[in-house]
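Peer 1: So the sequence shown is numbered by the working numbering: it starts at 158 and just counts up by one.
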Amino acid sequence: WTMVYLSLGLAVTLMCMILIVFRIVTVGRANRQTTLGGYWAVIEIVVESAGLLSIILVIYMVTYV
158 WTMVYLSLGL AVTLMCMILI VFRIVTVGRA NRQTTLGGYW AVIEIVVESA GLLSIILVIY
218 MVTYV
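Next up, the structure:
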């Protein structure tokens with residue numbers, strides 16, 4: 158059950174990250190008065206934090222015996 162839990166956690170993390178970034182980009186593009194320049198810092202934080210968690214989960218899954 159541990160591998161199932163870790164795999165689902167990884168999948169949910171990646172899906173949420175993709176959906177959050179997609180939402181930020183679509184809202185940023187819908188507002189034609191501003192560019193995405195102001196949103197890049199937020200996108201970077203979301204991607205880096207999800208990436209760090211994903212790497213940790215993958216390492217844990219690989220080393221799990």
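Backbone N, C-alpha and C fix where the C-beta goes; we use that ideal spot for every residue, glycine too. Predicted, not measured: the structure shown is a model, and the values here were computed from it.
Return the first residue and the last residue of the alpha helix (DSSP H) that Gly208 is part of.
Peer 2: Sequence index remark: in the sequence shown, residue 208 carries index 51 (1-based). Taken as a continuous stretch (DSSP letters only), the alpha helix (DSSP H) holding Gly208 covers 197-220.
Peer 1: Is Ala207 near Met174, with beta carbons less than 8 angstroms apart?
Peer 2: Translated into the one-based positions of the sequence shown, residue 207 becomes position 50. Translated into the one-based positions of the sequence shown, residue 174 becomes position 17. Yes.
Peer 1: Rounding to the nearest angstrom, what Cα-Cα distance links Ile212 and Asn188 in this structure?
Peer 2: For this step, residue 212 is matched to residue 55 along the sequence shown. For this step, residue 188 is matched to residue 31 along the sequence shown. Rounded to the nearest angstrom, the two C-alpha atoms are 34 angstroms apart.
Peer 1: If you draw a straight line from the alpha carbon of Gly195 to that of Gly166, how long is it in whole angstroms?
Peer 2: For the purposes of this step, residue 195 is identified with residue 38 of the sequence shown, where counting begins at 1. For the purposes of this step, residue 166 is identified with residue 9 of the sequence shown, where counting begins at 1. Each residue's alpha carbon lies about 30 angstroms from the other.
Peer 1: Looking at C-alpha atoms only, which residue of Trp158, Leu193, Tyr217 is the closest neighbour of Ile181?
Peer 2: Start at 1 with the first residue of the sequence shown, and residue 181 comes out as number 24. Closest by alpha carbon: Leu193.
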